[in-house]
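Protein chains: 2
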Amino acid sequence: MVTLKDISREIGLSVTQVSRALGGHADVNPDTRDRVRATADRLGYRPNAIARGLKTGRSGIIAMVVAGTRTPESNAHLFEIVMGLSAEISARGQTFVLHVAEPGADTMRLHAELYRSGSIDGFVLIGPASDDPRIARLKKLGAPFIVHGRDPAQSHAFVDIDNMAVGQVMADHLLRLGHRRIGVLNGVESEFFAVQRRRGVLAAHAAHGVAADPALMLSMPMIAPNGRRATLALLDAPQPPTAIIAGNTPLALGVYQAAAARGIRVPHDLSVLAHDDGLDMCPPDSFTPALGGTIAPLTTAWVALADHLADIIAAKDGPSHSRILDLTFRKGCSARAISVDTRGHAVP
Amino acid sequence: MVTLKDISREIGLSVTQVSRALGGHADVNPDTRDRVRATADRLGYRPNAIARGLKTGRSGIIAMVVAGTRTPESNAHLFEIVMGLSAEISARGQTFVLHVAEPGADTMRLHAELYRSGSIDGFVLIGPASDDPRIARLKKLGAPFIVHGRDPAQSHAFVDIDNMAVGQVMADHLLRLGHRRIGVLNGVESEFFAVQRRRGVLAAHAAHGVAADPALMLSMPMIAPNGRRATLALLDAPQPPTAIIAGNTPLALGVYQAAAARGIRVPHDLSVLAHDDGLDMCPPDSFTPALGGTIAPLTTAWVALADHLADIIAAKDGPSHSRILDLTFRKGCSARAISVDTRGHAVP
DNA sequence: CTGAAAGCGCTTACAG
DNA sequence: CTGAAAGCGCTTACAG
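Here the protein sequences line up with chains A and B, keeping their order.
Number 385 marks the last residue of the first sequence (the numbering used here); no jumps.
Number 385 marks the last residue of the second sequence (the numbering used here); no jumps.
Structure (structure tokens):
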């Protein structure tokens with residue numbers, strides 16, 4: 038390995054001066070600087086990250102701990118998160134550590150041990166639970182961290198989208214089109230984002246002076262078969278909805294499948310909107326008719342996570358280290374205006 | 038952060054002795070040892086990985102560099118490899134770094150820079166090409182590394198399966214059952230494993246004194262639609278095969294689909310075998326009839342990779358740092374014995 | 001503009 | 001069985 042000492046010896050300057058020249062400090066003769074840099078390049082010098090880390094107290098390492106599972110189940114979302122985050126962190130010259138814990142391991146403890154070993158500058162947490170113990174632990178440790186998503190029960194830095202707006206925007210769009218019975222296929226409501234979306238839907242109803250029917254609001258893991266099953270149940274009920282809001286595009290796929298199975302046309306007989314995070318396997322424009330709804334590409338989250346975490350590590354203070362990502366709405370061709378009678382039933 | 042100095046001060050021993058006590062060296066008074074350890078636990082001491090790394094020249098970090106893609110395509114295989122490897126490396130107290138390169142980045146150079154920065158003990162390479170430049174570069178650097186798979190053009194440590202045996206075993210099984218026209222849906226033959234499998238199939242034919250028909254041996258990316266398309270082509274040809282060997286289970290799924298589309302029964306009219314790596318989305322027993330073929334669970338590869346790489350880093354010498362993983366055969370219910378006439382056509 | 005010195009936290013010969 | 005000292009490679013006050 039080439040060290041500062043090697044360069045120092047090679048051109049007869051002190052290690053101090055070589056370090057400063059390479060560091061780009063102002064108080065170095067420009068000629069010296071260029072000479073040092075040229076020599077460093079020629080020798081293939083790279084600063085020793087470990088030595089630098091020991092001196093500066095920063096390793097440049099960001100870690101993410103994920104719980105391991107014994108059964109290899111392909112979690113496409115987790116994969117994209119890992120790849121996206123790694124790419125973003127690698128691109129800024131930092132190092133991304135993925136620590137897959139053994140099944141049943143105590144991830145709180147793991148975070149603490151990793152941090153105490155002094156080699157981790159900060160953590161990224163994903164999928165926070167309510168009252169997530171990992172968050173409490175990291176706060177107690179004083180470790181820099183940022184959460185993708187939010188734990189409403191604790192105050193912490195996060196990057197998230199406005200999930201209440203997700204529900205509100207889609208419901209509002211449908212209510213404006215005249216729909217009065219709107220089905221909602223929501224995520225599992227033990228998760229905060231799903232709770233917020235439901236609140237958004239209810240708020241939109243309230244704003245329009247429309248009573249929301251709780252029987253139309255269902256909660257489930259967001260995969261296509263569940264969307265299909267739930268939609269069939271809604272359609273077969275005595276008072277079916279005229280529109281459905283799906284929590285993600287796979288759920289919407291299930292909605293389309295169920296409609297097809299019942300000979301119900303989208304959007305003529307049933308309007309459909311869905312939230313799209315840009316990562317799910319079914320992109321909205323692969324739907325026929327093209328699926329409308331809210332859009333918040335998860336890929337923008339990596340940049341925000343890396344940025345804010347860097348600020349937190351550098352202990353920069355600002356108004357907040359959290360960030361709510363933008364939300365856009367895409368009309369698509371999957372929702373249409375209808376007329377309804379006083380009971381909310383469609384009038385041809 | 039709690040350091041040796043803190044413990045030293047706390048119990049009035051030298052830092053030297055504290056270090057030795059915690060390191061479990063023999064020449065420390067057992068009482069002292071216990072006292073030091075108790076204090077370390079009480080204070081929540083964790084050795085500083087960076088300081089230790091600087092001293093020992095080992096960081097405990099294993100890195101994997103993967104090429105980034107701009108389009109987030111879910112690569113379930115890569116995901117399992119990353120998760121499996123990370124879990125295995127994390128479990129042994131080492132650190133797994135995933136470096137996702139920017140699209141178009143020079144991964145050779147990246148490996149070199151990471152290694153020269155002194156913070157990486159070794160690398161895991163996956164998906165080696167023929168004459169892979171990354172391998173040449175790492176060899177030139179003298180960096181410890183191990184390859185999952187093989188580059189036959191260079192000598193290096195690797196963990197792989199015997200792909201020639203994969204082809205040989207399945208072809209031999211079918212030949213013994215009386216098949217004389219065996220279709221092969223192989224992977225892309227620019228990859229070494231696919232070349233080896235073809236060789237194995239040919240070797241089995243030679244051993245049985247049967248001429249292999251090159252027209253029956255097809256090469257393609259191993260996904261179900263390709264398997265379906267290739268099988269339809271084989272079945273619709275003037276002299277269709279009586280058996281098909283598929284490179285993986287998705288290809289076999291395509292074979293089953295094509296057979297169903299043509300009203301051809303498995304195994305009555307068509308025998309099918311496939312190689313199963315235990316990770317593909319279609320497990321053999323989810324097939325009807327249950328799919329037979331060779332099995333080599335990829336999950337055993339992580340342990341081997343981590344083991345051998347650790348040996349290489351420790352510069353232990355042994356007969357070889359490479360490993361060929363076990364292969365088993367599972368009969369399933371997808372292949373049956375047939376009688377054939379002299380031209381290789383099935384006789385009822 | 002340049003250099004000698006200290007120190008980050010650890011490990012490990014070396015001397016007692 | 002124990003301790004003082006050196007050193008891993010770097011950065012950074014401090015003094016010239």
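Don't be surprised by glycine CBs; every beta carbon is placed ideally from N, CA and C.
The three-state reading of DSSP puts G264 of chain B in helix, counting H, G and I together. Residue contact with chain B for F133 of chain A: present (Cβ-Cβ distance below 7 Å to some residue of chain B). With respect to the 7 Å criterion, A333 of chain A and L364 of chain A are classified as neighbours on the basis of their beta carbons.
In this structure, B:G291 is the residue among B:R373, B:G291, B:Y82, B:I44 with its C-alpha nearest to the C-alpha of R266 of chain B. Taking 7 Å as the CB threshold, V137 of chain B lines the interface with chain A. Leaving aside the five residues that flank H242 of chain A on each side, the residues in its chain whose CB is nearer than 6 Å to its CB run, in chain order, A249. No residue range can be given for A351 of chain A, since it is assigned to no alpha helix (DSSP H) and is classified by DSSP as neither H nor E. CA-to-CA, the gap between V309 of chain A and A283 of chain A works out to about 7 Å. In the displayed model, T106 of chain B falls within coil according to three-state DSSP, outside both helix and strand. With a contact defined as Cβ atoms closer than 8 Å, G369 of chain B and G329 of chain B qualify at about 3 Å. Around the beta carbon of P320 of chain A, fewer than 16 other beta carbons sit within 10 angstroms, so the residue counts as exposed.
With contacts defined as CB atoms closer than 7 Å, L211 of chain B and G264 of chain B fail to qualify as a contacting pair. R95 of chain A carries a coil assignment under DSSP once its states are collapsed to helix, strand and coil.
At a cut-off of 3 residues, the continuous stretches assigned as beta strand (DSSP E) that sit fully inside the stretch 300-377 of chain B are 308-311, 330-332, 360-362, 365-367. Residues of chain B with a Cβ closer than 7 Å to the Cβ of G105 of chain A are, in chain order, A124.
Annotation: Cβ neighbours of G81 of chain A in chain B (cutoff 7 Å, chain order): R153. Taken in chain order, the whole alpha helix (DSSP H) runs of length 4 or more contained in the stretch 108-154 of chain A are 113-128, 144-153.
Among the residues facing chain A, I163 of chain B is not included, as its CB has no counterpart in that chain under 7 Å away.
Within the same chain, V137, A138, E139, P140 come within 6 Å of G105 of chain B by CB-CB distance, once the 5 residues on both sides are set aside. According to the DSSP assignment, N200 of chain A belongs to the alpha helix (DSSP H) that extends over 200-213.
Our two residues, L255 of chain A and V225 of chain A, have alpha carbons roughly 9 Å apart in a direct line.
As far as DSSP is concerned, I48 of chain B takes part in no beta bridge. Beta-bridge partners assigned by DSSP to L255 of chain A: A:L222. When C-beta atoms of the stretch 203-217 of chain A are compared with those of the stretch 293-301 of chain A, fewer than three pairs fall below 8 Å, so the two segments do not count as touching. Listed in chain order, the non-local C-beta contacts of S359 of chain B below 6 Å within the same chain comprise A194, F195, local neighbours out to five positions each way being set aside. The Cβ atoms of V52 of chain A and G81 of chain A do not sit closer than 7 Å to each other.
Annotation for V238 of chain B: the continuous alpha helix (DSSP H) segment containing it runs 229-244.
Between the alpha carbons of H148 of chain A and I99 of chain B lies a distance of about 19 Å. Taking 7 Å as the CB threshold, A86 of chain B lines the interface with chain A. In this structure, G159 of chain B places its C-beta atom within 7 Å of the C-beta atom of F182 of chain B. One thing to note: I44 of chain B has its Cβ within 7 Å of the Cβ of A77 of chain B. Taking 8 Å as the cut-off between beta carbons, none of the residues of the stretch 209-235 of chain B comes near chain A. Residue-level contact by beta carbon fails for F182 of chain A and chain B, as no gap is shorter than 7 Å. For A283 of chain B, the pairing in a beta bridge is given by DSSP as B:L222, B:A311. If you draw a straight line from the Cα of P67 of chain B to the Cα of G60 of chain B, it is about 13 Å long. At a cut-off of 7 Å between C-beta atoms, M101 of chain B does not count as an interface residue with respect to chain A.
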